[in-house]
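**Q** Residue numbers (this note's numbering): 82 to 542. Idealized CB from N, CA, C, for every residue including glycine.
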Amino acid sequence: IITHGTDEQKATWLPKLVEGTWTGTMNLTEPHCGTDLGLLRTKAVPNSDGTYRISGQKIFISAGEHDMSDNIVHLVLARIEGAPEGVKGISLFIVPKLKLDASGNPGEKNTVSCGSIEEKMGIHGNSTCVMNYDEAQGMLLGEANGGLKAMFTMMNEARLGVGLQGLSLSEVAYQNAVSYAKDRLQGRSLSGPKAPDKKADPIIVHPDIRRSLMTMKAFNEAGRALALWTAIKSDIAHRSDDDKDRQAADDYTGLMTPVVKGVLTDKGFDHAVMAQQVFGGHGYIEEHGMSQFVRDARIAMIYEGANGIQALDLVGRKLALNGGRAVQAFFKEVGEFCEENRADEKMAPFTKALKKGHNDLQAATMWLMQNGMARPDDAGAASTDYMHLFGLVALGYMWAQMAKAAGAKLANGANGALSFYESKLVTARFFMERIMPATSAHLARISSGAETLMALPAEAF
82 IITHGTDEQK ATWLPKLVEG TWTGTMNLTE PHCGTDLGLL RTKAVPNSDG TYRISGQKIF
142 ISAGEHDMSD NIVHLVLARI EGAPEGVKGI SLFIVPKLKL DASGNPGEKN TVSCGSIEEK
202 MGIHGNSTCV MNYDEAQGML LGEANGGLKA MFTMMNEARL GVGLQGLSLS EVAYQNAVSY
262 AKDRLQGRSL SGPKAPDKKA DPIIVHPDIR RSLMTMKAFN EAGRALALWT AIKSDIAHRS
322 DDDKDRQAAD DYTGLMTPVV KGVLTDKGFD HAVMAQQVFG GHGYIEEHGM SQFVRDARIA
382 MIYEGANGIQ ALDLVGRKLA LNGGRAVQAF FKEVGEFCEE NRADEKMAPF TKALKKGHND
442 LQAATMWLMQ NGMARPDDAG AASTDYMHLF GLVALGYMWA QMAKAAGAKL ANGANGALSF
502 YESKLVTARF FMERIMPATS AHLARISSGA ETLMALPAEA F
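Here it is in structure tokens:
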């Protein structure tokens, strides 16, 4: 509404939405169309007063119905009668649960209703609704047939937010796993008792438990850095007075959005499961709450664009956008960092591993440029591996920068935070030695193309 609404729409809807007195929803998905929104059937019929009658059904609508706010403002994709088929004929409408009276207060109920609330695997605190629109009053938001572009103003922000959701669940699962691993006594350390006064050692002494905890720790800390770095770039893109800075930051944010969403949520789920595993059988019992983290993390890989779609967006659209300007700028930035720190022996464990991953990412990008256009299935087959390869390099770049900063702090006395900065350096080395080498496997899978992936006929499955 801020970006695409008229002055009247902003004055009417924004104050209460910003206050939280009213809440809002996004209504895209229909029973027969999820990713392929060009198939949507919800229709909009113009009224003589400039409003529209909205009719159709939407599904998977988060917070579509509840009694926690005075009104619910639905943003609904629909097709105006006579509009072109496909995504070029989609418009966006404001459809309130309660119509507003002459004073702008909620009054008469609009003809929009919740048909049912879905029974879900997780996020049970969110009412996920089937919404029915029966000639409900709606107001056009933005230009006619420009609905998808307008909706993506919100969708791109939501994707970054969902990336944070995946990261947050990884973090809370990790914190619980650390607490349990310090308290749970099982077996003795392979190198000899670490708690000889007790009948067993805490499981945090065992290498396999450490592998899990360090993997989560390394991901979470780099993930926070990447999310914050992307948020800073987003602020620059929106607020900078310098046109070049604004464009460069906007390029970066657009490039990283599918990476933040896809990688952080894929790994967020993996790490929720990993943390649950630290608990052993107790992790499978509802009492400890680990299973809830697993259930809640799963949806983040699906909504606001399933992660396979994020990967396709990165490979199919973001790489070539503006002649590859964004990805080339990222390559240049990482390459220059490696070169600037090449002579620093203390940085060698970080820059060498980052440079190897950076080379793998560039090689994968070149392979896609050479093969993806001529053989689209090759690009599709490579997309998820490419997204995760890109994510590893981005996270590795965050760790290399943090390692440099931590080293500088330690050289200057650490200001009473010695253990904090030492922990950063150890975790950075773990990432570079144990996680970063996966770039080679991603490159190998990307370079293998789609032949074996697509070889079998559908009947063979």
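Compute the distance between the beta-carbons of Gly438 and Thr520, then report whether it is under 7 angstroms.
**A** Position 357 of the sequence shown, counted from the first residue, corresponds to residue 438. Position 439 of the sequence shown, counted from the first residue, corresponds to residue 520. Their beta carbons are under 7 angstroms apart, which means Gly438 touches Thr520 by this criterion.
**Q** According to DSSP, is Tyr261 helix, strand or coil?
**A** Counting from 1 along the sequence shown, the entry for residue 261 is found at position 180. Helix.
**Q** Rounding to the nearest angstrom, what Cα-Cα distance links Lys230 and Ser172 in this structure?
**A** On the sequence shown, residue 230 is found 149 positions in, with the first residue counted as 1. On the sequence shown, residue 172 is found 91 positions in, with the first residue counted as 1. Using only the alpha carbons, I get a separation of about 9 angstroms.
**Q** Consult DSSP for Asp215 and reduce its assignment to one of helix, strand or coil.
**A** Position 134 of the sequence shown, counted from the first residue, corresponds to residue 215. In this structure, Asp215 counts as strand in the three-state DSSP scheme.
**Q** Buried or exposed for His205, please, with buried defined as at least 16 other CB atoms from any protein chain shown within 10 angstroms of its CB.
**A** As a first step, residue 205 must be located in the sequence shown, where it is residue number 124. Its Cβ having fewer than 16 others within 10 Å, His205 is exposed.
**Q** My output table needs one value for Arg456: the three-state DSSP class, helix, strand or coil.
**A** Working through the sequence shown from its first residue, we reach residue 456 at position 375. Note: Arg456 maps to coil in three-state DSSP.
**Q** In the structure shown, what three-state DSSP assignment does Ala125 receive?
**A** For the purposes of this step, residue 125 is taken as the residue at position 44 of the sequence shown. Strand, per DSSP.
**Q** Using the Cβ count rule (16 or more neighbours within 10 Å means buried), how would you classify Gly349?
**A** To locate residue 349, count along the sequence shown from 1; it is residue 268. Buried.
**Q** Near Val341, which residues of its chain fall below 7 angstroms by C-beta distance, leaving aside the five closest residues on each side in sequence?
**A** Residue 341 sits at position 260 when you count from the first residue of the sequence shown. Leu241, Gly244, Leu307, Ala308 and Thr311, listed in sequence order.
**Q** List the DSSP bridge partners of Arg160.
**A** Looking up residue 160 in the sequence shown gives position 79. Partner(s): Lys124.
**Q** Return the residue from the list Met382, Asp322 and Tyr133 that minimises the CA-CA distance to Leu248.
**A** Indexing the sequence shown from 1 puts residue 248 at position 167. When only C-alpha atoms are compared, the closest one is Met382.
**Q** Leaving out five residues before and five after Val415 in sequence, what residues of the same chain have Cβ atoms less than 8 angstroms from its Cβ?
**A** Working through the sequence shown from its first residue, we reach residue 415 at position 334. So the qualifying residues of the chain are Leu435, His439, Val474 and Tyr478.
**Q** Report all residues from its chain with a CB closer than 8 angstroms to the CB of Ala225; omit the five preceding and five following residues, and keep chain order.
**A** Here residue 225 refers to the residue found at position 144 of the sequence shown. Counting only Cβ-Cβ distances below 8 angstroms, and skipping sequence neighbours, we find Ile161, Ala164 and Ser172.
**Q** Helix, strand or coil, according to DSSP, for Phe511 in the structure here?
**A** Taking the first residue of the sequence shown as 1, we reach residue 511 at position 430. Residue state, collapsed to three classes: helix.
**Q** Return the CA-CA distance between His147 and Met212, expressed in angstroms with no decimal places.
**A** As a working note, residue 147 is residue 66 in the sequence shown. As a working note, residue 212 is residue 131 in the sequence shown. Their Cα atoms are separated by approximately 12 angstroms.
**Q** Under DSSP, the beta strand (DSSP E) around Phe174 begins and ends at which residues?
**A** On the sequence shown, position 93 is the one that residue 174 refers to. Segment Ser172 to Pro177, the beta strand (DSSP E) holding Phe174.
**Q** Which of helix, strand or coil does DSSP assign to Arg423?
**A** To locate residue 423, count along the sequence shown from 1; it is residue 342. Note: Arg423 maps to coil in three-state DSSP.
**Q** What whole-angstrom Cβ distance do Leu222 and His85 have, given they're in contact under 8 angstroms?
**A** Working through the sequence shown from its first residue, we reach residue 222 at position 141. Working through the sequence shown from its first residue, we reach residue 85 at position 4. Between His85 and Leu222 the Cβ distance is about 6 angstroms, and since that is below 8 angstroms, they are a contact.
**Q** Leaving aside the five residues before and after Thr334 along the sequence, list all residues of the same chain whose C-beta is less than 7 angstroms from its C-beta, in chain order.
**A** Walking along the sequence shown from the start, residue 334 turns up at place 253. Counting only Cβ-Cβ distances below 7 angstroms, and skipping sequence neighbours, we find Thr311, Lys314, Ser315 and Ala318.
**Q** With contact counted as at least three CB pairs below 8 angstroms, one residue from each stretch, are the region 174 to 184 and the region 196 to 203 in contact?
**A** no
**Q** Would you kindly work out how many angstroms separate the C-alpha atoms of Thr87 and Thr102, rounded to a whole number?
**A** For the purposes of this step, residue 87 is taken as the residue at position 6 of the sequence shown. For the purposes of this step, residue 102 is taken as the residue at position 21 of the sequence shown. Cα to Cα, Thr87 sits roughly 21 angstroms from Thr102.
**Q** Grab me the residues of Asp394's own chain with a C-beta within less than 7 angstroms of its C-beta, minus the 5 sequence neighbours each way, in chain order.
**A** Taking the sequence shown and counting its residues from 1, one reaches residue 394 at position 313. Taken in chain order, the residues that qualify are Pro339.
**Q** Which residues mark the beginning and the end of the beta strand (DSSP E) in which Phe141 is found?
**A** Mapped onto the sequence shown, residue 141 falls at position 60. Per DSSP, Phe141 belongs to the beta strand (DSSP E) from Tyr133 to Ser143.
**Q** Does Gly227 come out as helix, strand or coil in the three-state DSSP assignment?
**A** The residue given as residue 227 occupies position 146 in the sequence shown. Reduced to three states, the DSSP call for Gly227 is coil.
**Q** What residue from Gln267, Gln218 and Ala159 has the CA that sits closest to Asn128's CA?
**A** Here residue 128 refers to the residue found at position 47 of the sequence shown. Asn128 has its Cα closest to that of Gln218, out of Gln267, Gln218 and Ala159.
**Q** What do you reckon, are the CB atoms on Thr465 and Ala387 nearer than 7 angstroms?
**A** Within the sequence shown, the letter at position 384 stands for residue 465. Within the sequence shown, the letter at position 306 stands for residue 387. It is not a contact, given that the beta carbons lie outside the stated cut-off.
**Q** What separation, rounded to the nearest whole angstrom, lies between the Cα atoms of Lys505 and Leu499?
**A** Against the sequence shown, residue 505 aligns to sequence position 424. Against the sequence shown, residue 499 aligns to sequence position 418. Distance between the alpha carbons of Lys505 and Leu499: 10 angstroms.
**Q** Pull the bridge partners of Glu417 from the DSSP assignment, please.
**A** Residue mapping note: residue 417 aligns to position 336 of the sequence shown, counting from 1. Answer by DSSP bridge pairing: none, since Glu417 is not bridged.
**Q** Does DSSP put Asn207 in a helix, in a strand, or in coil?
**A** Against the sequence shown, residue 207 aligns to sequence position 126. The answer is coil: DSSP assigns Asn207 none of H, G, I, E or B.
**Q** Assuming the contact rule is C-beta atoms closer than 8 angstroms, Gly268 and Ala254 should be a hit. Round their C-beta distance to whole Å, please.
**A** Here residue 268 refers to the residue found at position 187 of the sequence shown. Here residue 254 refers to the residue found at position 173 of the sequence shown. In fact, because the Cβ distance is near 23 angstroms, the residues do not count as touching under 8 angstroms.
**Q** So the candidates are Asn108, Glu540 and Met513; which of them puts its Cα closest to the Cα of Phe141?
**A** Residue numbering aside, residue 141 sits at position 60 when the sequence shown is read from its first letter. With distances taken between Cα atoms, Phe141 lies closest to Asn108.
**Q** Look at the Cβ atom of Asp151, then the Cβ atom of Pro187, and state whether they are nearer than 7 angstroms.
**A** Along the sequence shown, one-based indexing puts residue 151 at 70. Along the sequence shown, one-based indexing puts residue 187 at 106. Yes, these two residues count as a Cβ contact at 7 angstroms.
**Q** What three-state label does DSSP hand His287 in the structure shown?
**A** Against the sequence shown, residue 287 aligns to sequence position 206. Note: His287 maps to coil in three-state DSSP.
**Q** Could you give the distance in angstroms between the alpha-carbon of Gly404 and the alpha-carbon of Asn257?
**A** As a working note, residue 404 is residue 323 in the sequence shown. As a working note, residue 257 is residue 176 in the sequence shown. So the two alpha carbons sit approximately 45 angstroms from each other.
**Q** Among Arg265, Ala455, Val286 and Glu252, which one has its Cα closest to the Cα of Pro274?
**A** Residue mapping note: residue 274 aligns to position 193 of the sequence shown, counting from 1. Ranked by how close their Cα comes to the Cα of Pro274, the residues Arg265, Ala455, Val286 and Glu252 have Val286 in first place.
**Q** Residues in the same chain with beta-carbon distance under 6 angstroms from Ser528, minus the five sequence neighbours each way, listed in chain order, please.
**A** Indexing the sequence shown from 1 puts residue 528 at position 447. Taken in chain order, the residues that qualify are Trp448.
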